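Encoded as C-alpha cells, the structure appears first; notes follow it.
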Amino acid sequence: MSSSLGSPNYTNQDSSIFLLLGIPGLEQFHLWLSLPVCCLGTATIVGNITILVVVATEPALHKPMYLFLCMLSTIDLTASLATIPKLLAILWCGAGYISASACLTQMFFIHAFCMMESTVLLAMAFDRYVAICHPLRYATILTNTIIARIGVIAMIRGSLLMLPCPFLISRLSFCQSHVIPHTYCEHMAVVKLACGDTRPNRVYGLTAALLVIGVDLFCIGLSYAFIIQAVLRLSSHEARSKALGTCGSHVCVILISYTPALFSFFTHRFGHQVPLHIHILLANVYLLFPPALNPVVYGVKTKEINQRVIMAFQRSLRAGIKVSE
C-alpha cells in the first residue's frame with residue numbers, strides 16, 4: 034500500500050468505501066501486534082469450542098449455569114469472527130478498505146454482540162442469586178424454558194438497541210475524509226467523520242451504552258449484595274466459603290469483561306488528552322481479551338468443567354497412542 038493511502042490525510046472520493054487505518058502512530062509495529070491477536074484469536078476459538086463440546090456431550094452439565102456459559106461462548110465466538118479476520122488483514126498487509134454496507138454491518142454485529150454478552154452476564158448473576166438465596170426453588174425458577182427465553186431476550190435486546198445506529202449513520206454525509214483511524218468500524222469513530230449534525234448519533238450511542246452497562250452493572254451489583262447478605266447469615270465458615278466459591282468464576286468474568294469496556298468508554302468520551310493509539314488499543318483489548326480468557330477462567334475455576342476437559346484430553350491422547358501403534 035502506498036504511503037498516501039496509509040496517511041490520515043488521505044481522502045477517499047468514493048462515498049461507498051471507507052479505509053480502516055489500524056492503529057495510527059504504531060504502524061511500524063502492526064506486524065508484531067498481529068502475533069498477540071493471532072494467539073488471542075486461537076485461544077478464543079479453541080477455548081470456546083471446548084466449552085461448547087464439553088457441556089453438550091456431558092448430561093451432568095446440562096444445568097442453568099453451564100447453559101448460560103454456552104450462550105456466552107457462542108456470543109464470544111461469533112463476535113470474534115466479526116472482528117479478527119479484518120483486523121489481521123489490516124495488521125498483516127494494510128488491507129483496510131471496507132465498503133460502507135460492510136462497515137455498518139460489522140458495527141452492528143460487534144456492538145450488538147457486546148450488548149448480548151452483557152445481558153448473559155446479568156443472567157448468570159441472577160443464576161447465582163437464585164442458587165444461593167433461594168436454593169430450594171432453583172430448579173422451579175430456572176427451568177429450560179426460562180433459560181431459552183432469557184437467551185431470546187438477550188438476542189432481541191442487543192439487536193433492537195443497536196438497530197437504529199446504522200440507520201442514523203446512513204443518513205449522514207461524509208463529505209471529507211473516509212479514513213477511519215481504527216481497526217474496526219466502531220460507532221463513534223465513524224460518526225466523527227460525518228459533516229452534518231451528529232448529535233442524534235452521539236446521544237443515542239451514549240444512551241444505549243448507559244442502558245446496557247449502567248443498568249446491567251447496577252443489577253449485577255444488587256444481586257451480589259443480596260448474595261453477600263445471604264452468605265453472611267450462614268453459621269459455618271465452610272458453607273460460606275463454598276457458597277462464595279461458586280461465584281468466583283462469574284466475578285472474574287465480570288471483571289475481565291467490564292473493566293476494559295469501562296476504560297474504553299470513559300477514555301473515548303472524556304479522555305481527550307489520551308493519545309489516539311491508546312483509545313484504539315483499549316477498544317481492541319475490550320474485544321479480544323474477554324472471549325479468550327472467559328473459557329480459561331471457567332476451565333480453571335470450575336471443577337466440573339476442569340475434570341471433564343482433562344478426561345476428554347486423556348481419552349484423545351490414548352486414542353492417538355493406539356492409532357500410532
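The opening position of the sequence shown corresponds to residue 34 in my numbering, with each subsequent residue numbered one higher.
Using N, Cα and C, we set each Cβ at its ideal position, and we do this for glycine too.
Note that the coordinates shown come from a computational prediction; the quantities given were computed from them, not determined experimentally.
Since residue i is in the beta strand (DSSP E), which residue starts that stretch and which ends it?
i       : result
Tyr-130 : 130–132
Per DSSP, residue i forms a beta bridge with which residues?
i       : result
Ile-50  : Ser-132
Val-212 : Leu-52
Restricting to Cα atoms, I'd like to know which of the options is closest to residue i.
i       : options                            : result
His-283 : Ala-181, Asn-327, Val-185, Ile-143 : Asn-327
Gly-332 : Ile-343, Ser-210, Pro-323          : Ile-343
Ile-189 : Ala-227, Met-149, Cys-228          : Met-149
Ser-290 : Pro-323, Thr-107, Ile-180, Ile-78  : Pro-323
Cys-147 : Val-87, Thr-111, Lys-336           : Thr-111
Tyr-130 : Val-330, Gln-347, Gln-340, His-211 : His-211
Ala-187 : Ser-49, Ile-108, Pro-118, Cys-252  : Ile-108
Leu-114 : Leu-137, Ile-82, Gly-74            : Gly-74
Leu-155 : Tyr-257, Thr-300, Cys-218          : Tyr-257
Pro-97  : Ile-117, Val-153, His-270, Ala-241 : Val-153
Ile-253 : Gln-306, Thr-77, Val-286, Ser-269  : Val-286
Pro-233 : Cys-198, Ile-183, Gln-209, Glu-219 : Cys-198
Glu-219 : Cys-72, Thr-335, Phe-141, Lys-334  : Phe-141
Gln-139 : Phe-159, Ser-206, Pro-118, Ser-274 : Pro-118
Gly-127 : Phe-62, Phe-296, Gln-347           : Phe-62
Lys-334 : Asp-160, Gly-278, Cys-208          : Gly-278
Val-330 : Val-70, Ser-106, Cys-72, Ser-151   : Ser-106
Ser-151 : Glu-271, Ala-276, Phe-251, Leu-68  : Phe-251
Ser-297 : Leu-239, Thr-173, Arg-348          : Leu-239
Cys-228 : Cys-208, Thr-173, Arg-235, Val-236 : Cys-208
Phe-159 : Ala-241, Ile-183, Gly-80, Ile-78   : Ile-183
Gly-281 : Ile-82, Leu-255, Arg-161           : Arg-161
Can you find the residues in the same chain that come closer than 7 Å, C-beta to C-beta, to residue i, ignoring five residues on each side of it along the sequence?
i       : result
Thr-216 : Leu-53, Gly-55, Ile-56, Leu-120, Ile-123, Ile-313, Asn-317
Ala-145 : Gly-191, Ser-192, Met-195
Ser-132 : Ser-49, Ile-50
Ala-181 : none
Ala-76  : Ala-325
Ala-276 : Ile-165, Val-264, Leu-267
Ala-294 : Ile-246, Tyr-319
Ser-179 : It is Ile, not Ser, that sits at residue 179 in the sequence shown. Excluding positions up to five away in sequence, the list is empty.
For the alpha helix (DSSP H) holding residue i, just list the boundary residues, first then last.
i       : result
Leu-196 : Note, Leu-196: premise wrong, no alpha helix (DSSP H); not H, not E.
Arg-232 : 232–242
Phe-322 : 309–334
Leu-267 : No alpha helix (DSSP H) holds Leu-267; DSSP gives it neither H nor E.
Tyr-99  : 97–126
Cys-218 : Careful: Cys-218 lies outside any alpha helix (DSSP H) and carries neither H nor E.
His-63  : 63–90
Ala-172 : 171–174
Closer than 8 Å by C-beta to residue i: which residues in its own chain qualify, once you throw out the five before and the five after it? Chain order, please.
i       : result
Leu-66  : Ile-56, Leu-59, Leu-124
Leu-94  : Val-87, Val-88, Glu-337, Ile-338, Arg-341
Leu-64  : Leu-124, Trp-125
Pro-214 : Pro-41, Leu-54, Pro-57, Ala-222, Leu-309, Ile-313
Ile-84  : Leu-102, Cys-103, Ser-106, Pro-328, Tyr-331, Gly-332, Ile-338
Thr-231 : Leu-205, Val-224, Lys-225
Asp-249 : Ser-151, Thr-152, Leu-154, Leu-155
Cys-71  : Leu-121
Phe-346 : none
Ile-143 : Ala-112, Ala-115, Thr-116, Tyr-217, Cys-218, Glu-219, Leu-320
For residue i, I'd like the list of residues in its chain whose CB is within less than 6 Å of its CB, leaving aside the five on either flank, ordered along the chain.
i       : result
Ser-157 : Note that residue 157 is Met in the sequence shown, not Ser. Closer than 6 Å at Cβ, skipping near neighbours: Phe-101, His-283.
Glu-91  : Arg-341
Leu-320 : Thr-116
Tyr-99  : Val-88
Leu-267 : Arg-273
Cβ of residue i versus every heavy atom of the ligand NAP: is any distance shorter than 7 Å?
i       : result
Ile-313 : Because no ligand of any kind appears in the structure shown, any question about the ligand NAP cannot be addressed here.
contact_flag[the region 243–253, the region 197–217] where n(CB pairs < 8 Å) is 3 or more
They do not touch, by the three-pair rule.
Check: Does the region 255–265 come close enough to the region 158–169 to have 3 or more Cβ pairs within less than 8 Å?
Finding: By the C-beta criterion, the region 255–265 is judged to be in contact with the region 158–169, since at least 3 inter-stretch pairs fall below 8 Å.
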